[in-house]
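Numbering (my numbering), first residue to last: 759 to 1174.
What follows is a short report on a single structure.
Here is the structure:
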């Protein structure tokens, strides 16, 4: 629209003519919006609010009297408040490039003043402190002309040909060089160790590869040998199994033949031997029973014969007394005693004969049909002497046996 003006975002519109601005300023300040301006009656000018830059290159003398060449860069702008815009407009509106020149001169003066109160070591090591002090001392002065400083950077400090900074940094350089050499040596050592380790690993890998190849080759050879031997081995195993089966069959046939021999020869022989043994035992038992029966029959016959001969013995004993000269005392009692003595003598003779016969029968088993004895004993009779000197003779029948076993009859022999 004709007469309506709008400032840019980084500009301040200054309208002069008509009413005065804030605080009696010769112009009004408009930022961020448009304004209707009457032509001919009002005049409009624009002041930049963008960032500006000023470079300072100054030779400064330190507290130690050493000249230093300092290069710094200042970033500044017009303040956003109305007062700063008015102050800057009144000073730089006609020639806005003068803001950079004036700012450089202001900071050059403050920089010389601050460096003059510091040593080279402080300036070199504490650049931020130097920049902060320069900003603090120039802030009030910059605000008077409507400018604010965003930053101050010390870009370089040089002592020219004096060599002071180099000398100051020599120990550090030597230490750095020493550390660099040490680091280089360590790096070389590490590199050598790494190379050795790499070589060792390569050798180990080559060794393992050779071992694996050898194992693979040996395994292949074993597989080939096994494959080559598989046929003969299978045939040998088959023959071995055939031989084992034949051996087992032969063992079974031998065992069967052994069982047949046992059944055909051994068992019958054992049965025959058992039969013979049983027959022999039976025969022996039979003969023993016959012998015992014969001995028992002989004893019974002998006892019967002795009992039958007892009256004859007594008679013979009494006959021996008939020619003897006997004096009888005590009358009838004396005769009774003589008769009792004769009977007792006969019984004694009978017992003696029985004992002798029993003893001979037990010793020889009644073998030999006849016998003689020096004491008047034999198989068929016995004789004894009486007190009166008479002689008795005893005869009896010979005992017959159930079976004829070759033994003869016994007879008593007369003693003279």
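Each residue gets a CB set at the ideal place from its N, CA and C atoms; glycine is no exception.
Values in this document were obtained by computation on a predicted structure and should not be read as measured data.
May I ask you to verify whether the stretch 875-889 touches the stretch 929-949, counting CB pairs closer than 8 Å and requiring at least 3? no
Beta-bridge partners of residue 898, as assigned by DSSP: To locate residue 898, count along the chain shown from 1; it is residue 140. Note: residue 898 sits in no beta bridge, so no partner.
Beta carbon of residue 953 nearer than 8 Å to that of residue 869: Here residue 953 corresponds to residue number 195 of the chain shown, with the count starting at 1. Here residue 869 corresponds to residue number 111 of the chain shown, with the count starting at 1. For residue 953 and residue 869, no; Cβs fall outside 8 Å.
Okay, do the stretch 818-837 and the stretch 860-879 touch, 3+ Cβ pairs below 8 Å being the bar? yes
When you compare only the Cα positions, how much space is there between residue 895 and residue 822? By one-based count along the chain shown, residue 895 stands at place 137. By one-based count along the chain shown, residue 822 stands at place 64. Cα to Cα, residue 895 sits roughly 22 Å from residue 822.
Roughly how many angstroms separate the alpha carbons of residue 843 and residue 836, rounded to a whole number? Taking the first residue of the chain shown as position 1, residue 843 is located at position 85. Taking the first residue of the chain shown as position 1, residue 836 is located at position 78. Each residue's alpha carbon lies about 6 Å from the other.
Residue 1011 versus residue 988 - alpha carbon distance: Looking up residue 1011 in the chain shown gives position 253. Looking up residue 988 in the chain shown gives position 230. So the alpha carbons of these two residues sit roughly 34 Å apart.
May I ask you to check if the CB of residue 1038 is nearer than 7 Å to at least one heavy atom of the ligand ADP? Among the components of this structure there are no ligands whatsoever, and the ligand ADP is therefore not found.
Would the stretch 824-831 and the stretch 849-856 be scored as touching if the rule is three or more Cβ pairs under 8 Å? no
Closest by CA to residue 826, which one among 878, 787 and 841? In the chain shown, counting from the first residue as 1, residue 826 sits at position 68. Ranking the options by Cα distance to residue 826, first place goes to 878.
According to DSSP, simplified to helix, strand and coil, what is residue 1139? Looking up residue 1139 in the chain shown gives position 381. Only weak support exists for where residue 1139 lies, its pLDDT of 41 falling under 50; the value from the coordinates is given anyway. DSSP places residue 1139 in coil when its eight states are reduced to three.
Among all the DSSP beta bridges, which residues are the ones paired with residue 873? Working through the chain shown from its first residue, we reach residue 873 at position 115. Per DSSP, none; premise fails for residue 873.
Distance check for residue 915 and residue 882, CA to CA, integer angstroms please. Within the chain shown, numbered from 1, the residue matching residue 882 stands at position 124. Within the chain shown, numbered from 1, the residue matching residue 915 stands at position 157. Each residue's Cα considered, the two are about 7 Å apart.
Reducing DSSP to helix, strand and coil, say where residue 796 ends up. By one-based count along the chain shown, residue 796 stands at place 38. Correct three-state label for residue 796: coil.
Tell me whether residue 765 is buried or exposed, calling it buried when 16 or more other Cβ atoms sit within 10 Å of its Cβ. As a working note, residue 765 is residue 7 in the chain shown. Burial call: buried.
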